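**Q** Chains as they are written, first to last, in the numbering used here: chain R, 4 to 887; chain C, 4 to 887.
(1) Examine chain C for any beta-carbon lying closer than 7 Å to the beta-carbon of residue 678 of chain R, and answer yes or no.
(2) Under 7 Å between the Cβ atoms of residue 212 of chain R and residue 67 of chain R?
(3) Is residue 329 of chain R closer than 7 Å to residue 275 of chain R when the C-beta atoms are compared?
(4) Please compile the residues from chain C whose C-beta is within a distance smaller than 9 Å of the C-beta of residue 429 of chain R.
(5) Between the region 765 to 787 of chain C and chain R, which residues of the former have CB atoms less than 7 Å from a CB of the latter, in chain order?
(6) For residue 322 of chain C, count neighbouring Cβ atoms within 10 angstroms of its own Cβ and tell me buried if that reaches 16, exposed if not.
(7) Provide the residue span of the beta strand (DSSP E) that contains residue 855 of chain R, from first to last.
(8) Is it buried or exposed, residue 777 of chain R, if we count other Cβ atoms within 10 angstroms and call 16 or more buried?
(9) According to DSSP, residue 563 of chain C sits in a beta bridge with which residue or residues?
(10) Using the Cβ count rule (16 or more neighbours within 10 Å means buried), how would you classify residue 493 of chain R?
(11) Quick one: any contact between the region 233 to 241 of chain R and the region 266 to 283 of chain R, if contact means 3 or more CB pairs under 8 Å?
(12) Assign residue 365 of chain C to buried or exposed, taking buried as 16 or more other Cβ atoms, counted over all protein chains shown, within 10 Å of its Cβ.
(13) Does the CB of residue 751 of chain C have a neighbour CB from chain R at under 7 Å?
(14) Could you tell me which residues DSSP pairs with residue 743 of chain R in its beta bridges?
(15) Which runs of the alpha helix (DSSP H) fall wholly inside the region 446 to 481 of chain C and span at least 4 residues, in chain order?
(16) To the nearest whole angstrom, what separates the beta carbons of residue 100 of chain C and residue 28 of chain C, a pair I think is in contact under 8 Å?
(17) Considering Cα atoms alone, identify which of R:788, R:536 and R:704 is closest to residue 865 of chain R.
(18) List the residues of chain C whose Cβ lies closer than 8 Å to the Cβ of residue 681 of chain R, in chain order.
(19) Does the Cβ-Cβ distance between residue 45 of chain R and residue 245 of chain R come in under 7 Å?
(20) Pull the bridge partners of residue 508 of chain C from the DSSP assignment, please.
(21) When we look at the beta-carbon of residue 663 of chain R and count the other beta-carbons within 10 Å, is it buried (16 or more) or exposed?
(22) With DSSP as the reference, label residue 874 of chain R as helix, strand or coil.
(23) Would you check if the distance between the CB atom of residue 475 of chain R and the CB atom of residue 400 of chain R is smaller than 7 Å?
(24) Among C:549, C:52, C:767 and C:821, which has the Cα closest to the Cα of residue 3 of chain C?
(25) Would you mind reading off the limits of the beta strand (DSSP E) that contains residue 495 of chain R?
(26) Quick check on DSSP: helix, strand or coil for residue 53 of chain R?
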C-alpha cells in the first residue's frame with residue numbers, strides 16, 4: 004500500500020478542474036470555496052479511494068481510514084465544532100459525487116453525527132427541541148435505509164401510526180414530544196431488525212456511511228444509468244463530507260434549488276424554487292408547494308441578492324447554465340452545490356447559441372456542448388406536453404424507435420394500406436417480417452408483442468424513423484380475430500392507441516402530437532458543426548421519400564440503397580418469385596425483364612430526389628428464400644399464380660433452405676451463380692442515370708456497390724459482368740459517363756485482403772453490422788438469447804451492434820482502410836451499418852480517415868453533429884500538441 | 004512484344020534442370036541428349052509460349068511463329084531431312100509436356116509431316132507401302148481428333164467397314180491396298196465434316212498441332228487433374244516437336260516402356276514390356292499382348308544391353324526410379340522419353356529406403372521423395388488386388404473417406420450395433436446425423452445416397468478413419484422397408500456389399516480386404532521424418548480406441564477431445580436431454596451429476612490409453628439443440644421418459660431453435676449461461692487425472708480447452724469457473740498438480756485480440772474449420788450449393804476447408820500467433836481443424852512457429868511426414884541463404 008497517495012482533500016485544497024479525482028460535486032465545492040462563496044466546509048474522499056475500496060474486497064484500507072480521520076480533525080478545527088462534542092457538536096452530510104453527474108442514482112446521508120447526547124445538546128443550542136429530534140429521526144431513517152438497507156416503508160408506517168394516534172395529517176403538525184417518540188420507536192425498530200443498538204459513535208456512523216456511498220456506485224439503478232450514459236464502471240465515486248447547515252431551523256431558514264437559465268426552454272432568467280423551514284428532502288417529497296425563486300427577494304432580499312450575484316459569477320466561471328442548491332440557515336445563505344444543469348434538447352440549442360452571442364463561448368465550444376444523443380427525440384414528433392400530463396400509459400414495451408404516434412389500430416399490412424388512406428394508423432403485430440414492409444411504411448407507429456431491440460420491427464422502424472414500441476409482453480395480439488388485449492382492455496381494428504417510442508409507453512387514447520422543428524437555434528448549431536466537419540454524412544434510403552427527408556436533415560448523398568426492399572412491393576413480388584423458381588437462364592431472364600423497368604423507375608426517383616448528389620446502389624443482397632412465402636396457403640396461391648405444381652414449388656423452397664442463412668448463398672454469391680441478376684440491376688441503375696441526366700440535366704455518376712465480397716477474384720468476376728453491361732448501355736445510348744464500382748467490406752476476409760480488393764474496387768463501404776457479426780462469430784438473430792447474460796455478468800461493457808468495437812472490428816477496419824489507401828490513394832471509404840448514426844463510432848470513423856458515414860435519415864443530424872465534434876476534438880488535440 | 008525472349012530450344016540447348024521452361028518431357032529429352040543417348044532430335048516450345056498463347060487470346064504471336072520456323076530449319080539440318088521433301092521427308096511427333104507429369108491428360112500427334120506426296124516417297128524409301136499408308140491414315144485420324152475435334156468413332160467405323168468388306172478381324176490383316184483405301188475414305192470424311200481438304204502443307208499441320216496442344220492444357224480432364232494434384236493453371240505446357248522414329252517398320256522394329264524398378268513393389272529390377280512392329284498406340288490399344296522386357300534380350304541383345312546401360316545411367320543421373328519410353332527402328336534403339344516413374348505407396352517407401360541404402364540419396368532426400376498424400380491409402384485396409392480384378396462396381400459415389408470395406412448392409416444405427424456382433428456391417432443411409440454416431444463406430448464402411456465431401460457422414464467417417472462412399476446418387480435407400488436399390492438390383496438388410504472409399508466404387512459382392520502394414524520401410528522413412536521434424540503431431544480422438552490407434556501411428560498426444568461426442572451414447576443421451584430441458588439450476592445440476600461419472604470414466608480411459616502423453620480436452624461446444632430429438636415420435640418418447648408434457652418439450656425444443664446455429668449459443672457461451680456445465684466437465688477432467696495418477700502413476704497434466712472465445716473477459720469468466728472447480732477438487736484430494744487452461748482461436752475477433760487473450764490463456768489451439776467459415780463468411784453446410792460454381796469459374800483455386808487459406812485466414816493466424824508469443828513467450832500454439840492433416844497446411848504451421856498440429860488418427864503419419872518435410876525445406880532454405 005502506497006502511503007504517499009493522497010486520498011482526502013479539504014474543499015480549500017481542490018479546484019474546479021479536479022473532477023476526475025474529486026468528482027463533479029467535490030470539484031465544484033472546492034471551486035466555490037476558491038471563489039470565496041459561502042460554502043459549508045468539509046472534505047472530499049477521492050474516486051481513487053473508491054477504486055481501492057473495490058480492489059480491497061469492499062473494505063476501506065487502513066491508510067485511507069487514517070487520512071479520513073486526519074481530515075476530520077482539520078475540518079473540526081475549521082468549523083470550530085467537534086464530532087460528538089456535548090458542547091458544540093459537528094453534524095455533517097455524506098454525499099456521493101462521481102466524475103459525471105448521476106442525479107439521484109447514488110446515496111446521501113444528512114445530519115450525521117447525531118446521537119442521543121448530541122440531540123439533547125442541539126435542542127439546547129438551537130433552543131428548538133422539535134428541530135433537534137426531527138433531525139435525529141431523519142438521520143436514523145436515512146442511515147437505516149442507506150447503510151443497513153432496512154425498508155423505508157417500515158419507518159413511514161411508524162410516522163403514520165403516530166400521526167393517526169394524534170389525529171393529525173401532516174408531519175408539520177407533530178410536536179417535539181412526537182419527534183422524541185419517533186426517535187425512540189425508530190431506534191427500537193432498528194434494534195429489532197439489525198440486532199444491534201443504533202450506533203452512537205459519530206466516527207462509526209461516518210465510516211459506515213462512506214462505505215454505503217462507495218457501495219451505492221454499484222447499485223442496480225446506478226449500473227443501468229451508467230450503461231445508458233456510457234459511464235465506465237472503473238471511474239468510481241468520490242464522497243463529500245460537509246458540515247450541515249439547516250434550512251429547517253425556523254421560519255428564517257429555508258432551502259432551494261435554482262438554474263441560471265430555464266432548463267426547459269433555455270430562456271435566460273433565474274429559474275428555481277425554495278421552501279422555508281425545510282430540509283432538501285421536504286422539497287422533493289412535495290407535501291408543501293414551494294415558492295418560485297423570485298419570492299425570495301421579498302422574504303430575504305439580502306440573501307436573494309447575494310444568490311443572484313453568486314449565480315452570475317458561477318455561470319461566468321463555468322460558462323454554462325448552472326444548477327445550484329442552497330440553504331438559508333437563520334437568514335444566512337449557504338451554497339451547497341453547483342453543477343452544469345441538465346436541459347431539454349430544445350433548451351440545449353438555445354443556451355448554446357445564446358452563450359456564443361453573449362461572448363461566453365466560441366462556436367466550437369457551443370458545438371461541443373450538445374450531446375448528440377439528445378437530437379434523437381428532437382427530430383421526431385412528440386406528444387403535446389399538456390395533453391400528455393393527463394394521459395396514462397396502460398403498458399410498457401421496449402423503446403425501439405423514438406417518436407410519438409397516435410392512430411387507429413390495424414393488424415396486417417393490407418389493412419394498414421387500406422386504412423391509411425382514411426387516417427393515421429398504428430400497425431400492431433406479434434412480430435413483423437419483410438412482407439410487412441409496405442404496411443410499416445404507411446403506418447405512424449408500430450407495436451409488436453415479441454422481439455427485442457434488434458428485431459425486424461425495431462431495425463426497420465429505426466431505419467424509417469417510424470415510432471416503434473417492440474416486445475410489449477403485456478399486450479396480446481390475435482391476428483385471426485383482429486383483437487389486441489392489454490390486461491382487461493380489448494381493442495379492435497380502428498380503435499385508437501398512442502405510442503411513445505422514446506419511452507416504450509402505450510396509451511389507449513388519442514394524444515395530439517407536435518412535429519419536430521429543425522430551424523432556428525438547431526439550424527445554427529448544425530451549421531457550425533458542418534463548418535468544422537471533415538467527414539461527409541450520407542443516408543441509407545431505399546426510396547425517394549426517405550432520400551428527400553434525409554436531404555432536408557442535411558444528408559450529402561445516399562450511401563446505401565438496399566435494392567431488395569424494392570422487391571417486396573405487391574406488384575413486384577410475383578416477378579421476383581418467378582425469377583427465383585426459374586429453372587433455366589432464359590426463364591430467369593424473362594422474369595428479370597419484368598422487374599427491370601420497375602427497378603429503373605425506383606432509381607430514377609431516388610436520383611431525382613438527390614438532384615445530382617451521389618447515390619450508392621447496392622446489388623441484391625439477401626438470400627433468395629427471404630422472398631418466398633412461408634405459409635402453406637400462400638405457397639398454394641403462388642403455385643397457382645405461377646402455374647407450377649405445388650410439389651415442385653415446395654421442392655424449390657426446401658432446396659433454398661439454409662442451415663446458416665447469414666453465411667449462405669447471398670450477396671455477390673448470387674451474382675456469381677446468376678450473373679443475369681447483376682446484369683438486370685446494373686442496366687436499371689445506368690439507364691436510370693442516363694434518363695435523369697437526359698430529362699433533368701443532373702450529371703449522375705452511378706456508384707454500384709457489390710456486397711459480401713470475400714475475395715478479389717470473386718469481386719472481379721462480378722465487376723466484369725457489371726462493366727460489360729454498362730458498356731452495352733453506353734453503346735445503346737451513344738454516349739458514356741463516369742461511374743464507380745466498389746464493394747462492401749463486411750466479411751473479415753475482405754478486410755484482411757483489402758490490398759488486393761482495392762486494386763479492383765474504387766470504394767469500400769463498411770457493412771459494420773455484418774462485419775461485427777462475422778468478427779464476433781455471433782448472429783444478431785440468435786445472440787439476443789445469450790448476450791443479456793453478458794451484460795449482467797459485466798463481460799461486455801457495451802453492445803457492439805450499437806457502438807463499434809474498436810479493439811476487434813475496429814482493428815480490421817483500420818487495417819483494411821490503411822491497406823486500401825496504400826493501394827489506391829483516393830479510395831473512398833464509407834460506412835453504411837447502423838454504427839453510422841452512433842456518435843462514438845462516428846468519431847472512430849473520423850479518426851480512421853473515412854470519407855463518409857451513412858445512416859438512416861433521422862440519424863443524419865446526429866452524425867453531422869458527432870462528425871463536427873470529432874473534427875473539433877482533433878483540432879484541439881493538434882493545437883495542444885503544437886503548444887507542447 | 005519482346006522479341007528478345009527465347010521461346011524455342013533445341014534439345015541440345017536445354018538440360019534436365021529446365022523443367023519450368025521446357026516442361027518435364029522437354030527437360031529430360033535435353034538431358035538425355037547431353038548424356039549422349041540415342042534421342043531422335045527436335046525442339047521444345049516453352050511453357051512461356053503457352054502462357055503467351057492464352058494472353059494473346061489463343062493465338063500464336065508472330066515472334067513465336069518465326070522462332071518455331073527458325074528452329075524447324077535447324078532441326079531439318081540436324082536430321083538431314085526436310086518437311087515435305089519428296090526425296091527425304093521429315094516426319095515429327097508433337098507432344099505436350101508440362102512442368103509436372105500429367106500422363107494422358109493432354110494431346111499428342113504422331114507422324115506429322117505426311118501428305119499425299121510424302122506418303123508415296125515414304126513407301127518408296129522404306130519399300131513398305133503398307134507402312135507408309137498405315138502411318139498416313141493414323142496421322143489423319145489423330146489430326147482430325149486432336150486438332151479438328153472430329154469424333155474418333157466415325158473413323159473407327161470406317162476401319163470396321165473395310166475389315167467387314169474384306170472379311171477379316173484384325174487391323175494387321177489389312178494390306179497396303181486397304182490402307183490406301185482407308186486414307187481416301189478418311190480424307191473424304193474429313194472434307195465432309197470440315198468443309199476443307201485435309202491439309203497437305205506440313206508447316207500448316209505443325210502450327211495447328213501446336214495450337215491444339217496448347218488448347219489441350221485447358222481441356223476438362225486436364226483441369227480436373229490439375230485441381231486434384233494442385234498444379235496451378237498459370238504454369239502452361241511446353242510442346243515438344245521431335246523427329247519420328249518408327250516401331251512399325253517391320254519385325255526388326257518395335258516400341259516399349261520400362262521402369263528401372265518395379266513400380267508396384269519397388270523391387271530393384273528392370274520392369275516393362277514391348278511390342279515388335281508396332282507404334283506406341285498399339286501397346287495402349289491392347290489388341291496384341293506385349294512381351295515382358297527381358298524377352299528383348301533374346302530378340303535384339305544389342306539393343307537390350309544398350310537399353311539396360313541407358314536405364315542405369317538415367318537412374319543414376321536422376322537418382323530416382325525412371326519410367327522410360329523407347330522405340331527400335333530397324334534394329335536401332337531410340338530413347339523417346341524418361342521421367343521419374345509413378346509408383347504405388349508401398350513401392351515409394353521401398354524405393355526411398357533402397358536408394359538411401361544404395362548411397363544414391365540422403366535420408367533427407369528420401370523423406371522429401373514421399374508424397375504425403377500417398378499415405379492416405381497406405382494406412383487403410385484395401386481390397387485384395389487379385390480379388391478386385393474380378394469384381395465389378397455397380398455404382399460410384401464420392402470417395403469421401405479412404406479404405407476398403409466389405410460387410411452386410413444395415414439401415415440404421417440400432418441394426419448396425421445388433422448385426423455388428425455377428426459380423427462386419429456397412430451402414431447405408433440417406434444421410435447420417437449425430438444420432439448415428441454409435442452405428443457408424445461399429446460399421447466397417449458407410450454408404451450415403453446424399454450429401455457431399457463435407458457432409459456429416461464424410462466428415463465423421465474421415466475422423467474415424469472409416470471407409471465412406473457418400474452421395475451415391477445412383478443408389479436409393481428406403482429406410483422404412485429397409486431396401487437399397489441400385490438400378491435393378493434390390494438389396495435387403497444382411498446382403499453383402501463392398502465399398503472403396505478411395506475411388507467411390509460400390510460393389511454388390513464380398514471382396515476380401517488386406518490390412519495396412521505400418522512397419523518395415525514405412526517405419527524407417529517415418530523415423531527419418533521424425534528426426535528432422537520440429538512440429539509435434541497430436542491427434543483428435545474422442546475415445547481410448549482412437550487415441551491408442553493414433554499413438555500406434557505415432558501421435559505424441561491428443562490435441563482435441565470433443566466431449567460432445569460422448570454425450571450421444573445411448574445410456575447418456577437421456578441425462579443430456581434432461582439437462583437441456585431443465586428449468587432451474589438445481590434440476591440441471593441433478594442431470595449433470597448423472598453425467599459426471601460417465602465423463603470421468605471417458606477421460607480416465609483416454610488418459611490411460613495415452614500413458615502420460617498430453618491430452619487437451621475441450622469443454623462442450625455444439626449448440627444444445629443438436630442433442631434433442633427431431634422426429635415427432637422420438638419427442639413423444641422423450642416426453643414420456645422425462646415425465647414432462649409433450650407440449651412443454653416442444654416449446655423447449657422450439658425455444659432452442661436458432662436462425663444461424665453456427666453463430667449461435669454454443670462453445671463457451673453455453674458456460675457463461677450455464678456455468679454448471681463447465682463445473683461438471685472440469686470436475687470430470689481433474690478427477691480422472693487424479694484417479695489415473697493414483698492408480699497408474701502417470702503424471703497427468705490436464706489441458707482444459709475453452710472453445711469459441713471472442714473476448715478476453717468472456718474467457719476469464721469461464722476460466723474462473725474452471726479454476727474454482729479445480730481448486731475444490733484439489734482440496735478434496737488433499738494435493739495439487741499442474742494443469743493448463745487455454746482456448747480455441749476460431750473466431751476472427753479472438754485472433755484480432757489475441758494479445759489480450761494470451762494474458763489469460765496458456766495455449767491457443769486454432770479451430771481452423773470454424774475460423775475459415777467465419778473469416779470467409781460462409782458456412783460449410785450451405786457453401787456446398789455455390790462453391791462448385793466458384794471452382795468452375797476459376798474464382799477459387801482450392802478448397803479453403805482442405806488447405807489453409809494463407810492470405811486471409813493465414814494472416815489472422817500469423818498475426819495472432821505472433822501476438823500470443825509476444826505476450827506469453829512460451830505459449831503453446833496448436834491447430835486442431837482438419838487442416839492439421841493437410842501437408843501444405845502443415846508446412847504453413849511449421850513456418851508460423853507452431854508447437855503442434857492435431858489431426859484424425861489416420862492422418863497422423865501424413866502430418867508427421869509433412870512436418871518432417873517442412874523442417875527439411877527450412878533447413879535447405881537456411882543452408883542456401885548461408886551459402887549466399
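Cβ coordinates follow ideal geometry from the N, Cα and C atoms, glycine included.
No experiment lies behind these values; they were computed from the predicted model shown.
**A** If we stick to the structure as given:
(1) Chain C, which has no Cβ nearer than 7 Å to the Cβ of residue 678 of chain R, makes this no.
(2) Cβ distance not < 7 Å, so residue 212 of chain R and residue 67 of chain R don't count as in contact.
(3) Cβ atoms of residue 275 of chain R and residue 329 of chain R: not closer than 7 Å.
(4) Near residue 429 of chain R there are no residues of chain C at all, since even the closest Cβ is about 28 Å away, more than 9 Å.
(5) When CB distances to chain R are screened at a threshold of 7 Å, the residues of the region 765 to 787 of chain C falling below it are 776, 777, 778, 779, 780, 781, 782, 784 and 785, in chain order.
(6) Exposure of residue 322 of chain C is indicated by the presence of fewer than 16 other C-beta atoms within 10 angstroms of its C-beta.
(7) Residue 855 of chain R -> beta strand (DSSP E) spans 855 to 858.
(8) So residue 777 of chain R counts as buried.
(9) Beta-bridge analysis with DSSP links residue 563 of chain C to C:543.
(10) That one is exposed.
(11) Taking one beta carbon from each stretch, the region 233 to 241 of chain R and the region 266 to 283 of chain R have fewer than 3 pairs nearer than 8 Å; the two do not touch.
(12) Counting the other CB atoms within 10 Å of its CB gives residue 365 of chain C a total below 16, which places it among the exposed residues.
(13) By the rule that beta-carbons nearer than 7 Å mark a contact, residue 751 of chain C touches chain R.
(14) Answer is R:706.
(15) 459 to 467, all fully within the region 446 to 481 of chain C.
(16) Contact between residue 100 of chain C and residue 28 of chain C holds, with the beta-carbon distance rounding to 3 Å and staying under 8 Å.
(17) That would be R:536, whose Cα lies nearest to the Cα of residue 865 of chain R.
(18) Contact of residue 681 of chain R with chain C by beta-carbon distance below 8 Å is absent, the smallest such distance being about 13 Å.
(19) In contact: residue 45 of chain R and residue 245 of chain R (Cβ atoms closer than 7 Å).
(20) C:399 and C:503, per the DSSP bridge assignment.
(21) With 16 or more Cβ atoms within 10 Å of its Cβ, residue 663 of chain R is classed as buried.
(22) DSSP places residue 874 of chain R in helix when its eight states are reduced to three.
(23) A Cβ-Cβ contact shorter than 7 Å links residue 475 of chain R with residue 400 of chain R.
(24) Any answer about residue 3 of chain C is impossible in this case: the structure gives chain C only from 4 up to 887.
(25) Note, residue 495 of chain R: beta strand (DSSP E), 492 to 495.
(26) In the structure shown, residue 53 of chain R sits in a helix (DSSP, three-state: H, G or I).
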